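Have a look at the structure below, then the notes.
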């Protein structure tokens, strides 16, 4: 029974973490598919939402309202990034946009360092982030179950939005052929702004559970999530939404598996081992596990 319990805990934790990784990877892929921008300032959207939890959490507002307001902050900052930083260089080379994303990331981190605090701060969090529940003799963390459910609902809702709504269809068409999409009358600025807004929404959702897992927020809290999101999207296929989801779950199972079964004296090298496995996967399939269904235009 103990082995079954361990396996269920591993499965729930892996799916929970993998779901968060998948959402983060989607946040990168949606923007990349339209503007060819790998937005490394994406991690700072998680930081913004985390500080939203810290600042709004000091009020009398219920935590759910605080969470919604924090997610809205991430969306607003994502739209601000697009309008202030990326729109002026939209027609520049991918290298220029990549450097711009690093500049935005550094700027936001330094603003947090100067005006909030360089030290880790603990936001107000509900008790579900530390409680566990036992079902049929199997104990799992409540937050893992909630994170799993929220990530699945978010992925399904996003898929329905992309397939059923006019704006979602415009996003998919723009990801396939942005120039042709503009020629048939689709508003390019609206499509790109929508992509950044979705990216901010996903970052805000991830921030709730990422900050909840580590229990603190600091200026560099978004570095690890954006690195994992990038690796997951490359593993799954940087031009594929399905690939981003698949890559996220693969990294989730790898992360929890290595953390669970590696010997204690080797556990410090967990990240190095995971990256080595990822490198081997990319050597076998450099274009990612899922190839794009189209040949991307040169622009």
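Residue numbers (the numbering used here): 6 to 304.
Cβ coordinates follow ideal geometry from the N, Cα and C atoms, glycine included.
Every value quoted in this text rests on a predicted model; they were computed, and no experiment measured them.
For residue i, three-class secondary structure by DSSP
{"i": "residue 218", "result": "helix"}
{"i": "residue 191", "result": "coil"}
{"i": "residue 292", "result": "coil"}
{"i": "residue 135", "result": "coil"}
{"i": "residue 143", "result": "strand"}
{"i": "residue 41", "result": "coil"}
{"i": "residue 17", "result": "helix"}
{"i": "residue 158", "result": "helix"}
{"i": "residue 75", "result": "helix"}
{"i": "residue 114", "result": "helix"}
{"i": "residue 64", "result": "coil"}
{"i": "residue 35", "result": "helix"}
{"i": "residue 200", "result": "helix"}
{"i": "residue 179", "result": "helix"}
{"i": "residue 302", "result": "Because the pLDDT at residue 302 is just 45, under 50, the model does not fix this residue reliably, and the value given afterwards should be weighed accordingly. Three-state result, residue 302: coil."}
{"i": "residue 46", "result": "coil"}
{"i": "residue 253", "result": "helix"}
{"i": "residue 241", "result": "helix"}
{"i": "residue 231", "result": "helix"}
{"i": "residue 170", "result": "coil"}
{"i": "residue 99", "result": "helix"}
{"i": "residue 308", "result": "Any answer about residue 308 is impossible in this case: the structure gives the chain only from 6 up to 304."}
{"i": "residue 270", "result": "coil"}
{"i": "residue 287", "result": "helix"}
{"i": "residue 385", "result": "Outside the shown range of the chain (6 to 304) lies residue 385, about which nothing can therefore be said."}
{"i": "residue 121", "result": "coil"}
Beta bridge counterpart(s) of residue i as assigned by DSSP
{"i": "residue 126", "result": "222"}
Spatial distance of residue i from residue j (CA atoms)
{"i": "residue 275", "j": "residue 191", "result": "46 Å"}
{"i": "residue 104", "j": "residue 110", "result": "10 Å"}
{"i": "residue 94", "j": "residue 211", "result": "28 Å"}
{"i": "residue 117", "j": "residue 91", "result": "21 Å"}
{"i": "residue 164", "j": "residue 270", "result": "42 Å"}
{"i": "residue 224", "j": "residue 128", "result": "14 Å"}
{"i": "residue 151", "j": "residue 189", "result": "42 Å"}
{"i": "residue 207", "j": "residue 157", "result": "12 Å"}
{"i": "residue 40", "j": "residue 8", "result": "47 Å"}
{"i": "residue 244", "j": "residue 38", "result": "6 Å"}
{"i": "residue 222", "j": "residue 56", "result": "7 Å"}
{"i": "residue 231", "j": "residue 277", "result": "17 Å"}
{"i": "residue 19", "j": "residue 168", "result": "28 Å"}
{"i": "residue 98", "j": "residue 51", "result": "26 Å"}
{"i": "residue 68", "j": "residue 45", "result": "29 Å"}
{"i": "residue 64", "j": "residue 115", "result": "25 Å"}
{"i": "residue 216", "j": "residue 292", "result": "32 Å"}
{"i": "residue 263", "j": "residue 123", "result": "31 Å"}
{"i": "residue 145", "j": "residue 196", "result": "41 Å"}
{"i": "residue 24", "j": "residue 255", "result": "10 Å"}
{"i": "residue 49", "j": "residue 121", "result": "14 Å"}
{"i": "residue 229", "j": "residue 178", "result": "31 Å"}
{"i": "residue 266", "j": "residue 193", "result": "48 Å"}
{"i": "residue 101", "j": "residue 149", "result": "39 Å"}
{"i": "residue 205", "j": "residue 268", "result": "38 Å"}
{"i": "residue 213", "j": "residue 125", "result": "16 Å"}
{"i": "residue 138", "j": "residue 87", "result": "42 Å"}
{"i": "residue 119", "j": "residue 108", "result": "16 Å"}
{"i": "residue 66", "j": "residue 136", "result": "22 Å"}
{"i": "residue 133", "j": "residue 166", "result": "30 Å"}
{"i": "residue 73", "j": "residue 96", "result": "34 Å"}
{"i": "residue 15", "j": "residue 242", "result": "26 Å"}
8 Å contact criterion, which residue i and residue j should meet: CB distance rounded
{"i": "residue 247", "j": "residue 171", "result": "Rounded, the Cβ-Cβ distance is 22 Å, inconsistent with contact."}
{"i": "residue 10", "j": "residue 143", "result": "5 Å"}
{"i": "residue 47", "j": "residue 234", "result": "7 Å"}
{"i": "residue 257", "j": "residue 22", "result": "4 Å"}
{"i": "residue 31", "j": "residue 198", "result": "Rounded, the Cβ-Cβ distance is 17 Å, inconsistent with contact."}
{"i": "residue 82", "j": "residue 53", "result": "5 Å"}
{"i": "residue 62", "j": "residue 71", "result": "5 Å"}
{"i": "residue 240", "j": "residue 283", "result": "6 Å"}
CB contact flag (residue i, residue j, <8 Å)
{"i": "residue 27", "j": "residue 176", "result": "no"}
{"i": "residue 209", "j": "residue 75", "result": "yes"}
{"i": "residue 33", "j": "residue 43", "result": "yes"}
{"i": "residue 286", "j": "residue 260", "result": "no"}
{"i": "residue 237", "j": "residue 80", "result": "no"}
{"i": "residue 220", "j": "residue 130", "result": "yes"}
{"i": "residue 253", "j": "residue 29", "result": "yes"}
Neighbour flag for residue i against chain C, beta carbons, 8 Å
{"i": "residue 149", "result": "Of the protein chains in the structure, only one exists, and it is not chain C."}
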